[in-house]
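Protein chains in written order, with this note's numbering: chain A, 95 to 166; chain B, 2 to 138.
Working notes for the structure below.
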Amino acid sequence: MKIIVSGEVKEVKDNLTIAELIELEKVETPQYVSVSVNDEFAKSENFATDKLHEGDVVEFLYFMGGGSNGIF
Amino acid sequence: MIKISEEDYQKIVAHAISQLPNEACGLIAGEKVGEDKYIKKVYLLTNIDQSNEHFSLDAKEQLAAIKDMRSQGLAPLGNWHSHPETPSRPSEEDIRLAYDKNASYLILSLMEEGKPVLNSFHVENETANKEELVIEA
């Protein structure tokens, strides 16, 4: 099936899970990545079971944060 | 080297001041030419932590910004945030949470009233190095 990952069309196997896609895409530090599918954010606890479907639009978003506490 | 226009710089400063006493944050996008980065657009996002010591980007706004960048042919270049009361250099937390070694991390200090200071950093292997930042008139 075809899905769109970060704006690019990708051919992947049917019933691919989000966790499998993360592995396939070699996403670095996946523990800090949010995944949206068709503009809805998937819950990380469901990554291993949530299946993707033909035409799904997937985005990986790195958590971005910090703070001024602890300036060296 | 990373270059930002005076207009975009002032946009960041104005937004950061409007968010005091809290930290303000956002994204930067533009073009990469070799090792150099040219900021073409700054995004002013919500700090969902609403704190003067921490920031986290709103994920929905982040997603919208990424889509906007793509639609305009811009590359994501990194992010920016303000330090309302401390210098323009990364904190331990900033370094720990800087996951993208390709990103530029801009930090705006507002600790001295009327004298904002903006610096850019590259963070890799938990080490922050200052990048040459040019504010173009």
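Just so it is clear, CB atoms sit at the ideal spot from N, CA and C, and this is done for glycine as well.
Just so you know, these numbers come straight off a predicted model, no measurement behind them.
For residue i: DSSP bridge partner residues
i, result
"residue 77(B)", "30(B)"
"residue 121(A)", "In DSSP, residue 121(A) forms no bridge with anything."
"residue 82(B)", "26(B) and 108(B)"
"residue 128(A)", "155(A)"
"residue 120(B)", "108(B)"
"residue 38(B)", "3(B) and 33(B)"
"residue 133(B)", "Partner(s): none; residue 133(B) has no beta bridge."
"residue 44(B)", "28(B)"
"residue 87(B)", "DSSP, once it has assigned bridges, lists no residue as partnering residue 87(B)."
"residue 141(A)", "Residue 141(A) pairs with nothing; no bridge assigned."
"residue 103(A)", "98(A)"
Same chain only: Cβ atoms within 7 Å of residue i, ignoring 5 sequence neighbours per side
i, result
"residue 142(A)", "111 and 113"
"residue 138(B)", "7"
Residues near residue i by beta carbon distance below 6 Å, same chain, minus five either side
i, result
"residue 115(A)", "none"
"residue 57(B)", "49 and 50"
"residue 8(B)", "none"
"residue 44(B)", "27, 28 and 66"
Cβ neighbours of residue i in the same chain (closer than 8 Å, five flanking residues each side left out)
i, result
"residue 115(B)", "none"
"residue 157(A)", "126, 127 and 128"
"residue 129(B)", "90, 91, 95, 96, 99, 106, 122 and 123"
"residue 87(B)", "110 and 112"
Expected contact under 8 Å - CB spacing of residue i and residue j to nearest Å
i, j, result
"residue 38(B)", "residue 3(B)", "4 Å"
"residue 17(B)", "residue 111(B)", "6 Å"
"residue 84(B)", "residue 108(B)", "6 Å"
"residue 155(A)", "residue 63(B)", "5 Å"
"residue 24(B)", "residue 52(B)", "6 Å"
The stretch 132-158 of chain A: positions lying closer than 8 Å to chain B by Cβ: 133, 135, 153, 155, 156, 157 and 158
Using a beta-carbon distance cut-off of less than 9 Å, what residues from the stretch 104-123 of chain A approach chain B? Of all residues in the stretch 104-123 of chain A, 122 and 123 have a Cβ within less than 9 Å of some Cβ in chain B.
Proximal residues, the stretch 30-49 of chain B versus chain A, C-beta separation under 8 Å: none
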